[in-house]
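Below: the structure, in structure tokens.
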Ligand code: GTP
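Numbering (our numbering), first residue to last: 14 to 368.
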């Protein structure tokens, strides 16, 4: 089965991390997000993938090439203007011949796709939608199903008095090829609002595939950080992975789970407390403290600086004795002058100097 991954969105909620690169290739544990997703798809037998792109397509293509290094075949299609989730799939119709998968390009999950495909085939439905539970269904589009799992109703942001289920659309679909005939070419449309509800009105069978497995989208900086904490905690407190090209001083204190990328230099008296990720080419000077933070590449952290539960994108220069507290997100190439203390939850645009 082929898969279409939707990666055309601007990722506005993930700014400032998505000003210089699309959400699809922000690093997850030092690996571009799409590599992570493609690995998962490959694990479920998907070997041909079409990337429906729009915003900043070139870095995605440069990063993944033809897919050989990941063991899959990749095709790239770029929209001139955003076509929405279903319009984007119609736009790649030339690559599709039979049933296929559609994936939102910002999900990390362990949903059992193999089982979902099997259920889809047995149910003979035209569409299957993966469903995942949330704590607060009132801010999502929820999907009601009957006792056999067949979808009976789509309810957009129900009030608490109308809530009958906490299962929401997980952004993973299996579609029969015939559904493409219902999508208008070159016109923006959404599966969630246009195509699925109209199939239901016409009495076409749509199945829900309910799963309690891990599922999160990396759509906001808070969730981006949470994904790291979840994935690292799963590896356990003993997990410390340091690339062989990096040097950590004997006096530095590293408490897992921690990942350190290539060519880093970590001085004595540095303290790294997991869950934390240090990207490639970072330099942490003596007395720096990193706690629960995600650092991208080429970041310099000066003496005595303290970074806690935050994200710092590539090229950050954090001088001596600065503080980056919980919830802060720094875009690319941000510089903090010596002793600068940020407030909790501050977001900083790329190429900014604060001091
Ligand atoms: P926000 O701007 O923060 O809402 O993010 P987003 O642009 O990624 O939108 P959203 O999270 O709703 O999109 C879910 C998935 O669909 C993401 O993987 C997007 O890249 C993708 N997507 C959204 N709109 C389009 C589109 O018009 N074309 C394509 N090809 N993909 C889209």
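No residue lacks a Cβ here, since even glycine has one placed at the ideal position from N, Cα and C.
What is the rounded straight-line gap between the Cα of residue 390 and the Cα of residue 324?
Past the boundaries of the shown model lies residue 390; the chain is included only from 14 to 368, so the question cannot be answered.
Measuring CB to CB, does residue 118 end up less than 8 Å from residue 19?
yes
Since I believe residue 221 is in contact with residue 158 (beta carbons under 8 Å), could you give me their beta-carbon distance rounded to a whole number of angstroms?
Right, the Cβ-Cβ distance comes to about 4 Å (below 8 Å), so this counts as a contact.
Any heavy atom of the ligand GTP inside 7 Å of the beta-carbon of residue 19?
yes
Which stretch, first to last residue, makes up the beta strand (DSSP E) that contains residue 240?
For residue 240, there is no enclosing beta strand (DSSP E); the enclosing alpha helix (DSSP H) has its first and last residue at 234-248.
Looking at residue 140 and residue 193, is the spacing between their C-beta atoms short of 8 Å?
no
Closest to residue 364 by CA distance: which of 26, 262, 162, 32 is it?
32
Between the C-alpha atoms of residue 55 and residue 223, what's the straight-line distance to the nearest angstrom?
One alpha carbon belongs to residue 55, the other to residue 223, and they sit about 21 Å apart.
From which residue to which residue does the beta strand (DSSP E) around residue 157 run?
First-last of the beta strand (DSSP E) with residue 157: 154-158.
So the alpha helix (DSSP H) residue 129 belongs to, where does it begin and stop?
126-136
What does DSSP give as the partner residue(s) for residue 261 in the beta ladder?
279
Distance check for residue 336 and residue 297, CA to CA, integer angstroms please.
Approximately 14 Å between the Cα atoms of the pair.
If distances are taken between C-alpha atoms only, which option among 279, 144, 92 comes closest to residue 21?
92
Within the present structure, is the beta-carbon of residue 27 separated from the nearest heavy atom of the ligand GTP by less than 7 Å?
yes
Which of the three DSSP states is assigned to residue 252 in this structure?
coil
In or out: residue 332 buried (at least 16 other Cβ within 10 Å) or exposed?
buried
Could you tell me the alpha carbon to alpha carbon distance between residue 169 and residue 146, rounded to whole angstroms?
15 Å
Which residues does DSSP pair with residue 221 in a beta bridge?
142
Could you name the residues that DSSP lists as bridge partners for residue 296?
The partner list for residue 296 (beta bridge, DSSP) reads 278, 313.
Is any heavy atom of the ligand GTP found at a distance shorter than 7 Å from the C-beta of residue 22?
Checking the Cβ of residue 22 against the ligand GTP gives yes.
Cβ of residue 95 versus every heavy atom of the ligand GTP: is any distance shorter than 7 Å?
yes
With which residues is residue 16 paired in a DSSP beta bridge?
62, 114
Around the C-beta of residue 357, are 16 or more other C-beta atoms found within 10 angstroms, so that it is buried, or is it exposed?
exposed
Would you call residue 104 buried or exposed, if buried means 16 or more other Cβ atoms sit within 10 Å of its Cβ?
buried
Note down the Cα distance separating residue 82 from residue 52, rounded to an integer number of angstroms.
11 Å
Could you check the C-alpha separation between residue 306 and residue 173 for me, to the nearest Å?
36 Å
So, for residue 207: in the same chain, excluding its five sequence neighbours on each side, which residues have a beta-carbon less than 7 Å away from its beta-carbon?
99
Residue ranges of each alpha helix (DSSP H) run of no fewer than 4 residues wholly in the segment 16-94, ordered along the chain?
46-56, 70-77
For the putative contact between residue 15 and residue 108, defined by C-beta atoms under 8 Å, what is the C-beta separation to the nearest angstrom?
7 Å
Which same chain residues end up closer than 7 Å to residue 143 when comparing Cβ atoms and leaving out the 5 residues on each side of it in sequence?
Around residue 143: 124, 129, 183, 185, 222, 224.
By how many angstroms is the C-alpha of residue 300 removed from the C-alpha of residue 313?
Their Cα atoms are separated by approximately 13 Å.
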